[in-house]
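For reference, the structure discussed in these notes is given below.
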Amino acid sequence: MNKKPSSKGKINQPRLVRGMKDILPSESNYWEHIRKVTERLAQDHGFSFAATPILEDKNLFVRSIGETTDIVEKEMFSFVDQGGDTLVLRPENTASIVRAYIEHGWVNLPQPVKVWYWGSMFRRERPQAGRYREFHQFGFETLGDGQPVNDAQLIMLAYNFFLDLKLDVSLQINSLGTKESREKYKKVLAEYYKSHKRKLCDDCKKRLLKNPLRLLDCKEEQCAELAIDAPQIIDYLSEEDTHHFTQVLEYLDELELPYSLNPRIMRGLDYYSRTAFEIWPNEEPGARQSALGGGGRYDGLAELLGGRPTPAAGFAVGIERVIALLRERQVYIPGPDTPDIFLAQLGDASRRRALKLFDELRLAGFTVAESFSKDSIKQQLEVANRLNISITLILGQKEIIDGTILFRDMESGTQEVVNYDKVIQELSKRIDKVRNHNDIKITRSENPIPREDENNE
RNA sequence: GUGGUCGUAGCUCAAUGGUAGAGCACCGGGUUGUGGUCCCGGCGGUUGUGGGUUCGAGCCCCAUCGACCACCCCA
328 MNKKPSSKGK INQPRLVRGM KDILPSESNY WEHIRKVTER LAQDHGFSFA
378 ATPILEDKNL FVRSIGETTD IVEKEMFSFV DQGGDTLVLR PENTASIVRA
428 YIEHGWVNLP QPVKVWYWGS MFRRERPQAG RYREFHQFGF ETLGDGQPVN
478 DAQLIMLAYN FFLDLKLDVS LQINSLGTKE SREKYKKVLA EYYKSHKRKL
528 CDDCKKRLLK NPLRLLDCKE EQCAELAIDA PQIIDYLSEE DTHHFTQVLE
578 YLDELELPYS LNPRIMRGLD YYSRTAFEIW PNEEPGARQS ALGGGGRYDG
628 LAELLGGRPT PAAGFAVGIE RVIALLRERQ VYIPGPDTPD IFLAQLGDAS
678 RRRALKLFDE LRLAGFTVAE SFSKDSIKQQ LEVANRLNIS ITLILGQKEI
728 IDGTILFRDM ESGTQEVVNY DKVIQELSKR IDKVRNHNDI KITRSENPIP
778 REDENNE
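Residues in the first sequence are numbered consecutively from 328, following the working numbering.
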């Protein structure tokens with residue numbers, strides 16, 4: 328073989344780490360739009376922004392999410408740092424928010440404390456489309472108040488988020504009761520399945536021992552049939568839990584917000600109690616079904632983390648999954664505004680002047696595009712054309728000497744000589760400055776998306 | 001973590017085991033100060049990586065990495 332390692336070529340070119348993804352400028356309109364919609368919703372509903380560190384003590388999640396959950400058992404990026412601390416890249420944000428609540432004495436603020444967050448989460452799973460090892464979530468949490476109206480407000484907020492994005496989604500809701508009633512239910516469920524053990528698939532036989540709740544959403548035909556007649560958690564709720572759940576549903580009815588009662592919504596994190604919900608895309612039958620967001624009530628979490636009893640509820644939404652759905656459904660997403668004008672320059676003297684003029688125009692309130700590094704007028708007009716700009720200002724040697732500047736109408740191609748000192752005045756005449764600054768208009772759709780709710784199981 | 005499909009230019013894709021190509025995009029030119037169409041040119045790949053078989057491998061075999069799909073679970 329005459330292949331020899333060459334000094335040329337991309338040897339050991341650094342590449343993206345498995346499961347990681349670059350967010351490219353070409354998709355920035357999605358990210359910026361979703362962020363704006365979220366900020367607007369937060370403001371409208373009285374939620375303040377909070378950010379917690381990406382790095383946390385491993386113990387925070389072991390105690391909150393639960394030692395035997397998949398997330399904690401095998402999906403956390405975990406390492407011991409130089410100081411000997413066991414740290415993890417956060418797999419979710421709720422536990423951190425509750426930690427912050429306890430640590431900073433938010434109990435002394437007017438209750439409930441309502442915060443929202445936005446950031447990277449990490450789970451070391453096998454990557455797939457819509458499932459990355461680093462992914463982004465935003466979430467809303469209402470802490471310090473156990474009233475069902477909080478649950479309903481959060482659900483309304485989550486639902487409105489998708490309405491604002493023109494995404495047709497379905498709300499799946501369930502009540503998990505308290506830890507005690509859930510334990511009772513688990514036993515009854517396990518009994519039921521034990522009596523049908525022979526019909527279960529191999530996976531389910533394992534689930535029977537480890538986590539009977541998971542038996543309910545097995546997709547094997549035999550198991551799915553068994554699930555239909557399985558006892559439902561609703562029947563094992565305490566009177567208070569039932570009452571709470573009923574009230575939440577009443578609020579949703581009042582809002583005319585469609586939901587499906589889904590006894591299979593269990594959530595993968597141990598800290599949930601009472602209300603649990605997920606948001607699914609409404610797909611044609613057979614299409615893949617992965618949650619866009621989910622949440623619920625977690626009244627016991629603060630105590631697990633050493634705080635005093637603090638009822639709380641919240642939800643999180645997966646941004647990559649939302650973007651994937653927006654793409655798939657080809658939902659129109661507004662891009663950045665077209666700049667008001669393009670500023671073209673020719674020659675060194677005018678280039679110097681142009682940079683200064685750019686700044687003056689910006690201060691006068693115009694958005695200006697340029698291509699300062701290009702020399703030829705031809706190339707600059709090409710850029711202006713590509714940007715779909717209607718007026719180009721041309722400043723060349725001749726104009727510098729004459730104290731003028733050219734106004735070029737890009738549509739007609741006609742040009743006009745304007746006194747340099749009157750640039751801003753002339754521009755104001757031509758450009759309607761009563762622009763609405765690209766504000767997101769939150770429009771509630773008149774008719775909620777019709778759908779048949781209640782699954783008939 | 002288990003099983004499956006697939007890796008060729010920035011993107012979309014070609015190339016009966018016999019010299020790696022096209023379109024798009026990007027950069028430049030079509031006489032020195034004028035865009036959208038058109039014409040011409042340029043940049044860009046040791047075919048994901050490493051081995052093996054062969055006179056000869058993008059193509060066949062093995063390994064490895066990665067993406068995707070189905071599980072598992074979830075955002």
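Note that CB positions come from ideal geometry on N, CA and C, so glycine has one too. Just so it is clear, the structure is predicted and the values come from calculations on it, not from any experiment.
Residues bridged to residue i by DSSP?
i	result
Ile732	Val745
Val407	Thr413
Asn384	Sequence check: residue 384 is Asp here, not Asn. Its beta-bridge partners are Leu414.
His463	Ser447
Asn477	Bridge partners of Asn477: none, in fact.
Lys695	Rather than Lys, the amino acid found at residue 695 in this sequence is Val. Its beta-bridge partners are Ile668.
Val496	Pro608
Leu470	Val440, Ala639
Ile718	Ile668, Asp736
Are residue i and residue j touching if we call contact CB-CB under 8 Å?
i	j	result
Arg635	Val407	no
Leu596	Ile429	no
Ser375	Val442	yes
Leu653	Ile660	yes
Leu416	Phe449	yes
Asp562	Ser508	no
Tyr519	Leu527	no
Phe467	Val364	no
Asp667	Ile758	yes
Leu535	Ala517	yes
Ser447	Ile381	yes
Arg362	Phe404	no
Val344	Leu494	no
Gln438	Gly473	no
Phe669	Ile704	no
Gly641	Gly621	no
Arg460	Met347	yes
Leu720	Leu733	yes
Ser617	Ser497	no
Ala369	Ala427	no
Leu632	Val399	no
Between residue i and residue j, how many whole angstroms is the CB-CB distance? I'm expecting something under 8 Å.
i	j	result
Glu629	Asn420	The sequence given here has Ala at residue 629, not Glu. In fact, because the Cβ distance is near 15 Å, the residues do not count as touching under 8 Å.
Trp607	Gln499	6 Å
Val745	Glu753	5 Å
Leu564	Ser502	6 Å
Pro418	Phe388	6 Å
Ala691	Ile751	5 Å
Arg624	Gly504	In fact, because the Cβ distance is near 10 Å, the residues do not count as touching under 8 Å.
Ala711	Met737	6 Å
Arg594	Ala603	5 Å
Leu673	Gly723	4 Å
Ser423	Glu383	6 Å
Lys511	Pro539	About 12 Å; that fails the 8 Å criterion.
Ala639	Thr379	The pair is not a contact, with the Cβ atoms about 15 Å apart (cut-off 8 Å).
Cys545	Asp529	That belief does not hold up - the Cβ atoms of Cys545 and Asp529 are roughly 11 Å apart, past 8 Å.
Could you check what DSSP says for residue i in three-state terms: helix, strand or coil?
i	result
Ser600	strand
Val442	strand
Thr396	coil
Arg458	strand
Ser755	helix
Glu419	coil
Ser375	strand
Leu582	coil
Leu342	For the sequence presented, residue 342 should be read as Arg rather than Leu. The answer is coil: DSSP assigns Arg342 none of H, G, I, E or B.
Ile350	coil
His360	helix
Asn763	Its pLDDT being 43, under 50, Asn763 is placed unreliably in this model, and the value from its coordinates should be taken loosely. Coil, per DSSP.
Arg680	helix
Glu687	helix
Glu430	helix
Arg713	helix
Lys701	coil
Glu577	helix
Please give the ranges of any alpha helix (DSSP H) in the region 588-675, keeping only runs that are unbroken, at least 4 residues long and fully inside the region. For the region 588-675, the continuous alpha helix (DSSP H) assignments of 4+ residues that do not extend past its boundaries occur at 628-631, 646-655, in sequence order.
Ignoring anything shorter than 4 residues or poking outside the region 480-549, list the alpha helix (DSSP H) runs there in chain order. With a minimum length of 4 residues, the continuous alpha helix (DSSP H) runs that stay inside the region 480-549 are 506-521, 529-537.
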